Amino acid sequence: MRTVFVLVSALLPSVSLADSVRHLSVPERFWGTWAPDTDLCRDHKAIFVVSAKGYVTSQASCTVQWVTETAGAGGSIYSAHMRCSNPDAPDEITEVNRVIVPNDRGELSAGPDFGQLKSYRRCPAN
Numbered sequence: 131m132r133t134v135f136v137l138v139s140a141l142l143p144s145v146s147l148a149d150s151v152r153h154l155s156v157p158e159r160f161w162g163t164w165a166p167d168t169d170l171c172r173d174h175k176a177i178f179v180v181s182a183k184g185y186v187t188s189q190a191s192c193t194v195q196w197v198t199e200t201a202g203a204g205g206s207i208y209s210a211h212m213r214c215s216n217p218d219a220p221d222e223i224t225e226v227n228r229v230i231v232p233n234d235r236g237e238l239s240a241g242p243d244f245g246q247l248k249s250y251r252r253c254p255a256n
């Protein structure tokens, strides 16, 4: 019995210290239309639209497979794993990852990796 208690005690801290959580959909706080600047919200080539299971741009329509939330020094960092198709070639599916870093001003930075992050603002609802 003492051995079981020691084993359980040794394993529990590693579980409670896990710094990543996998979600099956995009957190609701990111749903909506985003653009580099609110002046570009009507330019369909500049925006992307996020929903619970989707990420759509003028060049691709993506289905979100999962989103990983990782603790960061300035708050949570998200990585969306998606399967995307191009409207011109809907049968060609590609696997895409998108890093999403929110800030406390309701904006976010997004890109394929940390070296290519760009800032975006939420577009007003129509």
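Going by my numbering, the final residue of the sequence shown carries number 256, and the count climbs one at a time with no gaps. For every residue, glycine included, the Cβ atom is placed at its ideal position computed from N, Cα and C. Note that the structure is a prediction, hence the values are computed from the model and not measured.
Check: What three-state label does DSSP hand residue 198 in the structure shown?
Finding: Correct three-state label for residue 198: strand.
Next item on the list: Output yes if chain C places a C-beta closer than 8 Å to the C-beta of residue 190; else output no.
Entry: Absence of chain C from the displayed structure is noted, only one protein chain being present.
Next item on the list: Let me know if residue 223 comes out buried or exposed under the rule of 16 or more other beta-carbons within 10 Å of its beta-carbon.
Entry: Under this definition residue 223 is an exposed residue.
Item checked: Close-in-space but distant-in-sequence residues of the same chain around residue 232 (CB under 6 Å, 5 per side omitted) -> Here the set comprises 238.
Check: On the premise that residue 200 lies in contact with residue 149, defined as a C-beta separation below 8 Å, what is that separation, rounded to the nearest angstrom?
Finding: With 8 Å as the limit, residue 149 and residue 200 qualify as a contact, their Cβ atoms being about 6 Å apart.
Notebook entry, point to check: Would the beta-carbon of residue 212 fall within 8 Å of that of residue 193?
Noted result: Yes, the pair counts as a contact, with Cβ atoms nearer than the cut-off.
Item checked: Assigned exposure category for residue 172 - 16 Cβ within 10 Å defines buried -> It counts as exposed.
Notebook entry, point to check: So is residue 228 buried or exposed if we call it buried at 16+ other beta carbons inside 10 Å?
Noted result: So residue 228 counts as buried.
Notebook entry, point to check: For the candidate residues 204, 181 and 242, whose alpha-carbon lies nearest to that of residue 154?
Noted result: Measuring from the Cα of residue 154, the nearest candidate turns out to be 181.
Margin query: Along the chain, where does the beta strand (DSSP E) containing residue 227 start, and where does it finish?
Written below: It spans 219-232 - the beta strand (DSSP E) in which residue 227 sits, taken as one unbroken run.
Item checked: Contacts around residue 249, its chain only, beta-carbon distance under 8 Å, and the 5 residues preceding and following it disregarded -> Its chain contains 166, 237, 238 and 239 as the residues whose beta carbon lies nearer than 8 Å to that of residue 249, once the 5 sequence neighbours on both sides are disregarded; these appear in chain order.
Next item on the list: Find out if the Cβ-Cβ distance for the pair residue 230, residue 160 is shorter than 8 Å.
Entry: Here residue 230 is near residue 160, since their CB atoms are less than 8 Å apart.
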